[in-house]
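Protein chains in written order, with the numbering used here: chain A, 1 to 94; chain B, 1001 to 1094; chain C, 2001 to 2228; chain D, 3001 to 3763.
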Ligand SMILES: Nc1ncnc2c1ncn2[C@@H]1O[C@H](COP(=O)(O)OP(=O)(O)O)[C@@H](O)[C@H]1O
Ligand SMILES: [Mg+2]
């Protein structure tokens, strides 16, 4: 019998690799008079749910997907976070 | 005198709004024999650093940017997370 | 001689590639991505398009299509593989070619007529190109900025793996490192380029320079046949 | 239920759904009883302006739609005309204005997806797209975001599905600031004898819904958005945004074409506005049958959808096919292979009713015809505005003044200003974001007056163009519509091609306002008259009303699209100058009237001035001359005179050919009219000197004026003006004759290239 494990994977351009999107955002900031904002980096986030026999097993699956599918290790780094199953992102609380 | 506050903003398709990217990924998962993966949603993540007089001030700025620049409230929800300044995402530990 | 043109869901230059091969005197047939063989073809073309939508990252999903196993085997046996645009992206994602094709530095989809300098004319993909000719053909992509760590770029050039560079007057349209538009593997049997030779194979359409590349491919197969 | 909770609870349901009390009683009498909520919701979307054309149908009936080459006309999902060699072209234009105002990227991309499906639903493979875009002045952040979003959205869908964008229009005008226009045209190619029909004629046949799953997308979009005054402020008006999935769209195109090519379908309709309700009721109505839809069978994306949500959902990338039971397995297999969900959601019946059941329980029963062909029509009141300028009658004497109010203006400076104007300058900023060459058929993309696509396996080429005249329409909508038809057809003729058919998109304001309805009625009249005179059947189109905002009503915009054929692509004539020494010839006569011209926008016009008039017989004669001249290889280049007038037309040919010219123009009229007036029925051609006599004979034989202006050559554009009448600086000096227009080509090219980057704040 299996359980559901929810993860979010963040994929960001590696440090030291030029990020044109981040640059573009920074360039747009003055128009929104947001002058004190720096080091903008733009990446991807993938949320998913894994059916697995154990959390260990679920982690292995997510790590594999992150490395093989979601990120290109040449230029991107990634980070996997475990989320509570209830925490599917709804409309922002803000 | 001001401090640096580091945030990451996750922008995801709203519940109920079609997520073509998530669907395309999900449809392809069997080819990676990852059959037990569901509810894939693909969004964006923006990391940034704010210079502000107080954390309060910094949050206000990020919330505004999230709403006005990063996310389209009609179809996307967003979530802001505070990060320790040191925690700029480096190459993955994996 | 037969060329297999792979059709991924979302490929949209597959029929154009067949047309290009036929103009060059070859014959081609479409091969659905779920196939695990190439139908006995002598060469493979991975065509342009948006395989699986290319939402995540161009070519990221396509590299896992069943047919890619056959493509890999074909390449390992020394068979010719040509990736055009999205096909180039798939080949890099599959690590059959070095490098990454990143988002254009313009952050826009770019459709432009460009000019290519041919860095080597002694390859299976370029031997028919007349000396001194720069090739005029269109690009049409959003993720075509070729990238490698600069040390690897030096090695790539040193190995003679750089086949095409964007040339004047139009120049580098997408921010590719060292204006690289196309590369091949060390063995010289797998090649990828972002511009579209198959769309520039008839004067009526604005240029037939691309035909030199299609011819090179088709004639290479003919030679291989004779040799075998 | 989203839709129902959107408006104040007090109002009765039918009003909250956008139905009037009259409409409710009409529904009640058609049913012979009061409708239930689901039925009411279905009527509300089907009887919306968007689906029922209730305000415009009576006008559209007056249009000329017949022609021996017309294989499918209005009423079908797209027009189809015979191309030759056993082939036909399907084409149509559609608007996605309000969705694009709400969410520019998704609005534009679902607009492209929608028109693509109309063409595919005819069984045609889409081969070209054109996009006609109208925005406010893009000097502020919001408008720039709108422009960027829409252009990105058009490309995002078209590029991905691999259909080249080969033309369009881009116009900036303050009246579009809060209500941009996104009109998209699609052209498809199919064998003459394989037109798919949107009809369900055989009781017992199955209704198969395939493509994407059904979610809450665009609930209320059709009824609320398309039939209520659009107002940014009121969130209540906002639909749950439709999101496009071009990848699914591409799979839908390929799977549908395979289904049609293999003859597996009896009937086919795409799901657009009003979703399943529209497709099922129209299929049944056209087939004179009925249909029974089982909601439980509809593949969903979301849990807990109410029946009405499933019935009117506008989830994209869906088709409803009518399939004989014997063919079902083959159909499902094709969908499976293309990775598309498919399900039998209904069966064709013989009782004429559209019946909706859920888990065996009947939820709605409505005569299909009552929802579709027999939906109501609303008689509207038309009243011209109090003050408006009249167009001069044909042959009217030109006005005395020189139409150059402000002083010290040098013609070359005016030309540079015009070429640098965002409505005239190079479109490259937009068009480089569109794949123009995928398909390997594009002979001319977004560069010339018309897009040109060769047809593989034949000598022929398809030629397409789209135009509009909103500035003239502010003064005279009927004239403007005629001028737009004439310009589109002229764009076809200059290539040497002949027009096959015309489609259009009518973008207007609230039909309940007599002046707005008058603008619509007049435009339809003008469009019909011109199409009839130029002998171009109108095979379809689209009407978009309520294009208003708190800032006011948009300029009346009849967007015209014409498809033509060049029987031998070898005879194609381009607009660029080609050789030094070629002779530059003006075909047609320059007429008075600067109102509505780009020049007027720049310099203003005299209070007693008017728009130029058009003589349709002369327009037709010009096209005849252009075609004959092209066919007998007399022409080196040909370019129509339109926005910016003669000087701009010549300057464009010079820029595209990188060749200057040294010309002399006779000024019988005010110099500004001669150089920058936009009177119709003119073209600038270049010929080898040895061909002059033959061209002159051909022209005079058709009563078309032909004047030699000078020669191609050099790196400057020089136009000397001889005859009386001076403008600007020359007049200041008391000179009797105007200064020559004399400027380096390089300067003109720079101004032309910088037009859009500058106004978008990128240069
Ligand atoms: N939004 C657009 N998308 C694609 N092509 C466009 C667009 N706007 C203009 N074009 C193309 O740019 C060229 C110039 O447009 P326009 O000035 O309207 O030409 P014309 O006046 O001859 O109709 C034409 O080829 C037209 O198709
Ligand atoms: Mg135009």
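Positions of the beta carbon are idealized from the N, C-alpha and C atoms, including for glycine.
For residue 2123 of chain C, there is no enclosing beta strand (DSSP E), as DSSP marks it with neither H nor E. Counting the other Cβ atoms within 10 Å of the Cβ of residue 3608 of chain D gives fewer than 16, which makes it exposed.
Among the residues of chain A, none has a CB under 7 Å from the CB of residue 1055 of chain B; the nearest is roughly 13 Å distant. Here the alpha carbons of residue 3134 of chain D and residue 3111 of chain D stand approximately 14 Å from one another. The count of Cβ pairs closer than 8 Å, one atom from the stretch 3139 to 3151 of chain D and one from the stretch 3050 to 3066 of chain D, stays below three, leaving the stretches out of contact. Non-local C-beta neighbours of residue 3689 of chain D in its own chain, meaning closer than 6 Å and more than five positions away in sequence, comprise 3583, ordered along the chain.
Fewer than three pairs of CB atoms, one per stretch, sit closer than 8 Å, so the stretch 3064 to 3079 of chain D makes no contact with the stretch 3160 to 3172 of chain D.
Approximately 12 Å separates the beta-carbon atoms of residue 3445 of chain D and residue 3433 of chain D; this is outside 8 Å, ruling out the contact. Taking 8 Å as the CB threshold, residue 3338 of chain D lines the interface with chain C. Residue contact check for residue 1066 of chain B against chain D: no CB pair falls below 8 Å. With a minimum length of 4 residues, the unbroken runs of alpha helix (DSSP H) contained wholly in the stretch 3060 to 3109 of chain D fall at 3097 to 3102.
Here DSSP, grouped into helix, strand and coil, assigns residue 3048 of chain D to coil.
Cα atoms of residue 3367 of chain D and residue 3499 of chain D: separation of roughly 40 Å, rounded to the nearest angstrom. If you compare the alpha carbons of C/2147, C/2194 and C/2081 with that of residue 2098 of chain C, the shortest gap goes to C/2147. For residue 3410 of chain D, there are no neighbours in chain C by C-beta distance under 9 Å, as the nearest C-beta there is about 32 Å away.
The DSSP assignment places complete alpha helix (DSSP H) segments of no fewer than 4 residues inside the stretch 3464 to 3534 of chain D at 3470 to 3473, 3477 to 3493 and 3514 to 3533, in order along the chain.
Annotated three-state conformation of residue 3169 of chain D is strand, per DSSP. Every beta strand (DSSP E) of 3 residues or more that sits fully in the stretch 3240 to 3317 of chain D is shown, in chain order, as 3267 to 3270 and 3290 to 3294. For residue 3556 of chain D against residue 3523 of chain D, the beta-carbon gap comes to about 6 Å, under 8 Å, which counts as contact. Note on geometry: alpha-carbon atoms of residue 69 of chain A and residue 8 of chain A lie some 14 Å from one another. Taking a Cβ-Cβ threshold of 8 Å, the residues of chain C close to residue 1032 of chain B are 2064, in chain order. According to DSSP, residue 2221 of chain C shares a beta bridge with no other residue. Beta bridge pairing from DSSP links residue 3442 of chain D with D/3453. Between residue 3762 of chain D and residue 3171 of chain D, the alpha-carbon positions lie close to 18 Å from each other. Proximity of residue 2105 of chain C to chain A, defined by a Cβ-Cβ separation below 8 Å, is satisfied. Residue 3487 of chain D is classed as buried because its beta carbon has at least 16 other beta carbons within 10 Å across all chains shown. In this structure, DSSP gives residue 3427 of chain D a state outside helix and strand, which the three-state scheme calls coil. The beta carbons of residue 1074 of chain B and residue 3619 of chain D sit about 45 Å from each other, so the pair does not count as a contact at 8 Å.
When DSSP states are grouped into helix, strand and coil, residue 3119 of chain D belongs to the helix group. Taking C-beta atoms as the reference points, residue 3517 of chain D and residue 3380 of chain D count as a pair closer than 8 Å.
Shown here, residue 54 of chain A sits in coil according to DSSP, grouped into three states, outside any helix or strand. For residue 2105 of chain C, the closest alpha carbon among the candidates C/2065, C/2151, C/2126 and C/2176 is that of C/2176. What residue 74 of chain A touches in chain C, judged by beta-carbon distance under 7 Å, is 2100, going in chain order.
As DSSP reads the structure, residue 3211 of chain D sits in a beta bridge with D/3318. The beta carbons of residue 1031 of chain B and residue 2050 of chain C sit no closer together than 8 Å. If you look at residue 2164 of chain C, you'll find it in the beta strand (DSSP E) that goes 2162 to 2167.
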